[in-house]
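These notes concern the structure reproduced below.
Numbering (the numbering used here), first residue to last: 6 to 156.
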């Protein structure tokens, strides 16, 4: 087994049986120290109104396990909508994947949801995977292209 990425607190490992993502909570199984969980709390009420910057920053800690660039710089996040709801704040997010057959899609979406829930004041979140418009490399930010060696 080889650890191929240590990004966003999670690990991507390659084994004879394929590629797998190991969450930060299970880092000790790899002999690694786990990263601290996100600081916000989705279970307690908060008067804090999250900013869009806080939400985008949280999503910059989410990575496609096969690509060492965060989902924001990859251009996978299409929209974030913050709504006041039931005494807290609800986030609706639309994102896509680099390919329709990406088997890690649900893992990436779940990681994004958990990162959003870690932002102070966010009480609920929904992440929807969409296919329109189709993703293409022009959606990658300049920072992402530099990270990938495309510029």
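No residue lacks a Cβ here, since even glycine has one placed at the ideal position from N, Cα and C.
- By the criterion of a C-beta distance shorter than 7 Å, residue 29 is surrounded in its chain by 14, 15, 39 and 40, once the five residues flanking it on both sides are discounted.
- The stretch 140–149 makes no contact with the stretch 108–119; the number of CB pairs closer than 8 Å stays below 3.
- For residue 152, the enclosing alpha helix (DSSP H) has its first and last residue at 147–153.
- Ranking 132, 25 and 141 by CA distance to the CA of residue 85 puts 132 first.
- Secondary structure of residue 119 (DSSP, three-state): helix.
- Burial check for residue 124: the Cβ neighbour count within 10 Å reaches 16 or more, so the residue is buried.
- The three-state reading of DSSP puts residue 66 in coil, since its state is none of H, G, I, E or B.
- Listed in chain order, the beta strand (DSSP E) elements of length 3 or more contained wholly in the stretch 79–121 are 82–90 and 93–100.
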